[in-house]
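J.: Pasting a structure below so you can have a look.
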Amino acid sequence: MSTSLNKKTSRSPWAWVPTLYFAQGLPYIAVMTLSVIMYKRLGISNTDIALYTGWLYLPWVIKPFWSPIVDIFSTKRHWIILMQWLVAIAFAGIAFTLPTTFFFSMTLAVFWMVAFVSATHDIAADGFYMLALSEHEQSFYVGIRSTFYRIASIAGQGALVVVAGYIEDHTGNIAGAWSAVFFILSALFLVFAIYHSWSLPKVEARKDDEKSGNIADVWREFGNVFAAFFRKKQVGIAILFMLLYRLPEAQLVKLINPFLLDPVEAGGLGLSTSDVGIVYGTVGIIGLTLGGIIGGVFAARQGLRFWLKPMAWSMSLTCLTFVYLSYASDPSLLAIKACVFIEQFGYGFGFTAYMLYLIYFSEGEFSTAHYSICTGFMALGMMLPGMAAGWIEDTIGYRMFFIWTMVCCIATIGVTYLLNINPEFGKKR
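Residue 178 is where the sequence shown starts when you use the numbering used here, and the numbers rise one by one after that.
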């Protein structure tokens, strides 16, 4: 297992916490959002987009299974830097492959690599954060890391999409525009890898002489962690909640950008690529962030149990905005922005309850490992519905698809009535 050196280092956390979590956010955004917009602009069907990009969630689903490898071999600092080099190479590979006739299969293969590397980077970065900072520092910088992760979302879903749209509009070369975006991402990660080689403090001893017996002990403990997770009270209902609470959003997230981009005659809104970068990648992310902040404030006052059902209703009712947009006749850009903001705000507000419940269910022995397992179920709950979303929309059209997501809200609200939660959990003391 990793051994920590003295946490008091001369390197200020300000030198690496913001950049580390900015770097953590970008690959996830590229895999989950940029890929959807890019493939839509390159003429791939909604069925194929949702199915194949939905599979890209898998590395985050199974991430808990290989997290011990990051802890057993080398140091987390080394893993972080290595993963950033690999991401830089992978993004360059996407950029070079896009102008080819076989771009879809090749870029999907590279996105798979980015997904696995990114999930491994997440494990190493979060572990390094806990090793390099004292408990007080961890509490102080948690808001900083979250803020820069959100900034990465705006940069990825907003600024880079706008850049792609600008190049598309001025050159007419869609593949070239997205190649430029991924060259930018590649260069960014080249800079991150070099910078973090200098800025990340050396807080771990290398484990080159680790004995095989110790590795066996780690895997034995790993088995005990999983066994303890499935012995928890209400584990079946908890897993059901993790899989179903975001059922509507898991489908919406795969089709929002295609809906915004598709022409009116195909049932979409006919926005340009740049408009989508502003509407969903900027206005939407701001709504999501504000919803999460306000949700956290409310939950701290009266606890998770009090706010669980209202937050579930918030996630559900705000989905009506897309039902409205699918039926509206030529809605203005301002109206589209307002609807996306409302839906994302409602989702951010409701998602607070989800994350708090994962923390609540993970309490006790092995809390960190159990939280990691919960995030695996969280990713699975996004992966499976998302894979089917494109086929559903292609079969019934956007209007009926958005009505279908409203039907799925029954599951979101229903599972909240099955949970037994301590009324004091989450209250500020």
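By construction, the Cβ of each residue, glycine as well, lies at the ideal position given by its N, Cα and C atoms.
#1: Just how far apart, CA to CA, sit R218 and S544?
#2: Please name the residue, chosen from L533, L485, F406 and I569, that lies closest to A546 on a Cα-to-Cα basis.
#3: Taking the alpha-carbon positions, what's the V287 to A427 distance?
#4: Near S376, what residues of its chain come up, given a Cβ to Cβ distance below 8 Å and the 5 sequence neighbours on each side ignored?
#5: At the level of alpha carbons, what is the spacing between F280 and T529?
#6: Quick one: which unbroken alpha helix (DSSP H) runs of 4-plus residues sit fully inside the region 407-466? Chain order, please.
#7: Residues in the same chain with beta-carbon distance under 7 Å from A265, minus the five sequence neighbours each way, listed in chain order, please.
#8: Within 10 Å of its beta-carbon, does G342 have 16 or more other beta-carbons around it, so buried, or fewer, so exposed?
#9: Does DSSP classify E601 as helix, strand or coil?
#10: Please state whether the Cβ-Cβ distance between Y575 and F436 is less than 8 Å.
#11: Report the option in I257, M307, A505 and T593 whose CA atom is closest to the CA atom of L417.
#12: Helix, strand or coil, according to DSSP, for E345 in the structure here?
#13: Quick check: is any heavy atom of the ligand ADP less than 7 Å from the C-beta of W262?
#14: How should D386 be labelled, buried or exposed, when 16 other C-beta atoms within 10 angstroms of its C-beta is the threshold for buried?
#15: Leaving aside the five residues before and after A207 along the sequence, list all residues of the same chain whose C-beta is less than 7 Å from its C-beta, in chain order.
#16: Do you know how far the Cα of I455 is from the Cα of L511?
#17: What would DSSP say about K388, mapped onto helix, strand or coil?
#18: Kindly list the residues whose CB is nearer than 6 Å to the CB of L595, restricted to its own chain and excluding five residues on each side of it in sequence; keep chain order.
#19: Mapping DSSP to helix, strand and coil, what is E542?
#20: Starting from L235, follow the alpha helix (DSSP H) in both directions and report where the run begins and ends.
T.: So, from the listed chains and residues:
#1: CA-to-CA, the gap between R218 and S544 works out to about 43 Å.
#2: F406
#3: 23 Å
#4: R188, A192, W193 and T196
#5: 38 Å
#6: DSSP runs (the alpha helix (DSSP H)) wholly in the region 407-466: 412-421, 424-438 and 450-455.
#7: S363, F366, L367 and A370
#8: buried
#9: coil
#10: yes
#11: T593
#12: helix
#13: As far as ligands go, the structure on display features none, and thus does not contain the ligand ADP.
#14: Any reading at D386 must be qualified, since the residue scores a pLDDT of 48, below 50, and its modelled position is unreliable; the value itself is stated next. Counting Cβ neighbours within 10 Å, D386 comes out exposed, since fewer than 16 surround it.
#15: V291, G333 and L362
#16: 11 Å
#17: Note that K388 scores 46 on pLDDT, short of 50, meaning its location in the model is unreliable and no value can be drawn from it.
#18: I414, listed in sequence order.
#19: coil
#20: L235 to V238
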